[in-house]
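Under this note's numbering, the residues of the sequence shown are numbered 92 to 451, in order.
From the three backbone atoms N, C-alpha and C, an ideal C-beta is built for every residue, glycine too.
Remarks on the structure that follows.
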Amino acid sequence: MGSVDASETTVTGWAARDATGHLSPYTYTLRKTGPEDVVLKVKYCGICHTDVHQVKNDLGASKYPMVPGHEVVGEVVEVGPEVSKFRAGDVVGVGVIVGCCRDCRPCKANVEQYCNKKIWSYNDVYTDGKPTQGGFASAMVVDQKFVVKIPAGLAPEQAAPLLCAGVTVYSPLKHFGLMTPGLRGGILGLGGVGHMGVKVAKSMGHHVTVISSSNKKRAEAMDDLGADAYLVSSDADQMAAAADSLDYIIDTVPVKHPLEPYLALLKMDGKLVLMGVIAEPLSFVSPMVMLGRKTITGSFIGSMDETEEVLQFCVDKGLTSQIEVVKMDYVNQAFERLERNDVRYRFVVDVGGSNIEDAA
Ligand SMILES: NC(=O)C1=CN([C@@H]2O[C@H](COP(=O)(O)OP(=O)(O)OC[C@H]3O[C@@H](n4cnc5c(N)ncnc54)[C@H](OP(=O)(O)O)[C@@H]3O)[C@@H](O)[C@H]2O)C=CC1
Ligand SMILES: O=C/C=C/c1ccc(O)c(O)c1
Ligand SMILES: [Zn+2]
Ligand SMILES: [Zn+2]
């Protein structure tokens with residue numbers, strides 16, 4: 092962290108300034124530590140495809156300067172006087188949201204990710220009127236409700252992708268009653284979220300089929316990730332042979348794509364769970380869901396409770412994420428490689444080991 096005056100700490104992050112999405116060092120201040128705030132020095136931060144969508148203004152709501160990053164692992168350096176869950180030295184995580192109203196139905200049901208007044212960890216405005224900024228930065232200050240402890244047994248860089256990708260697959264499997272061993276699941280799109288989907292679903296005892304846009308990841312999917320089957324979506328014969336075989340599909344494709352080929356893979360009552368953030372209408376003809384009583388649904392990250400659960404699930408099952416750790420000065424290349432589908436399977440930036448204060 093940088094200089095401290097009476098109220099605010101100056102920090103350095105890497106920010107996009109416009110929709111080119113190019114990140115460069117940016118200095119800003121953190122709010123004064125409130126009674127329930129945790130200040131963390133960032134150690135690692137994963138790069139999610141949502142970060143690409145956001146820096147490039149794919150959703151049309153991006154505000155700049157924007158410091159992205161929502162798979163954040165750090166070390167607690169200070170806590171407010173009313174913080175009970177954390178103390179200095181703890182290794183902790185922060186994900187996609189950092190605030191909610193605490194009063195609506197989702198908040199009262201502890202699914203605060205569905206609160207209409209949620210505050211995003213970046214590209215949003217905090218209750219004090221300051222822009223929120225994410226984890227590609229030397230430090231963050233976050234309300235304790237949105238901070239989780241990283242359990243012993245998980246390396247901090249390994250934990251980072253679990254804070255978005257991991258909980259994003261765990262939550263719908265739990266919510267939709269899809270944790271039963273023996274189910275047949277499909278993972279459409281083998282990227283950051285998809286590879287955690289394979290690992291989590293396999294650990295739940297599912298038969299897992301990867302559905303990919305190419306044959307390039309076949310050997311890795313089967314040999315390294317433990318998938319049971321692999322389909323190339325453009326291969327009509329393979330797709331036809333697999334018709335009516337899956338209980339669910341987790342669809343992580345980040346661009347517009349037809350739904351009908353995937354609805355055809357589902358059994359009666361099967362579920363297509365949309366994960367990709369796609370700002371264009373997706374289409375299908377109604378018999379594709381009527382004939383088989385199939386469901387198209389969606390799911391958004393997971394709750395804070397589920398985030399804690401998936402971290403412990405990964406410890407208990409011995410699950411790790413498959414990551415490529417890079418330094419901060421490689422972040423623009425990493426974003427470009429992620430966008431062109433050239434990473435196995437998640438970049439994690441070693442923020443703490445990148446001396447980012449010196450670059451400012
Ligand atoms: N709903 C939620 O809560 C969350 C949503 N997301 C969203 O999910 C999507 C996936 O995120 P993430 O896993 O990080 O992304 P990745 O880029 O890591 O993975 C996406 C995968 O989709 C496949 N794909 C197919 N077409 C394309 C294309 N044109 N460009 C890139 N990939 C393609 C690729 O798999 P293959 O090579 O196998 O075809 C690729 O690996 C994003 O839209 C992201 O914003 C992310 C986290 C949480
Ligand atoms: O990566 C996590 C965030 C996902 C996300 C899902 C839906 C949406 O509209 C977003 O802006 C982000
Ligand atoms: Zn994400
Ligand atoms: Zn709420």
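Span of the beta strand (DSSP E) around residue i
i    : result
S336 : Looking at the DSSP string, S336 is not in any beta strand (DSSP E), and its letter there is neither H nor E.
T398 : Run containing T398: none in the beta strand (DSSP E); it sits in the alpha helix (DSSP H), M395 to K408.
K240 : V238 to K240
S115 : L114 to L121
M366 : From DSSP, M366 is part of no beta strand (DSSP E); its letter is neither H nor E.
G276 : R275 to L279
L322 : A320 to V323
T458 : Summary: the structure shown does not reach residue 458, with the chain confined to residues 92 through 451, and so no result is reported for it.
V187 : First-last for V187: undefined, no H or E at that position.
E415 : I414 to V417
Residue i CB to nearest heavy atom of ligand 4 below 7 Å
i    : result
D215 : no
R428 : no
E162 : no
D194 : yes
E127 : no
K208 : yes
P197 : yes
E203 : yes
C405 : no
Residue i - DSSP class collapsed to helix/strand/coil
i    : result
P252 : helix
M359 : strand
V260 : helix
V179 : In the sequence on display, residue 179 carries Ala and not Val. Coil, per DSSP.
D441 : coil
W105 : strand
S212 : coil
D449 : helix
H297 : coil
L429 : helix
E203 : helix
R196 : helix
V174 : coil
D234 : strand
P272 : coil
Y135 : strand
CB of residue i within 8 Å of CB of residue j, strictly
i    : j    : result
G165 : V189 : no
V301 : V284 : no
T101 : T124 : no
F227 : V417 : no
L322 : D342 : no
F375 : L337 : no
A250 : I241 : yes
V167 : V129 : yes
I414 : V440 : no
V238 : V185 : yes
I340 : L279 : yes
Check: residue i C-beta below 7 Å from any heavy atom of ligand 3
i    : result
H113 : no
For residue i, the first and last residue of its enclosing alpha helix (DSSP H)
i    : result
Y353 : E351 to L354
D142 : H140 to V146
G288 : G283 to S294
V380 : P378 to M381
Any non-hydrogen atom of ligand 1 closer than 7 Å to residue i Cβ
i    : result
N432 : yes
G283 : yes
K176 : no
K308 : yes
V344 : yes
T398 : no
T388 : no
Chain D contact for residue i (CB, 8 Å cutoff)
i    : result
A334 : Note that chain D does not occur in the displayed structure, where there is just one protein chain.
*Pocket of ligand 2 (residues with CB nearer than 6 Å to any heavy atom), chain order*: C139, T141, L150, V187, C255, V368, F391 and I392
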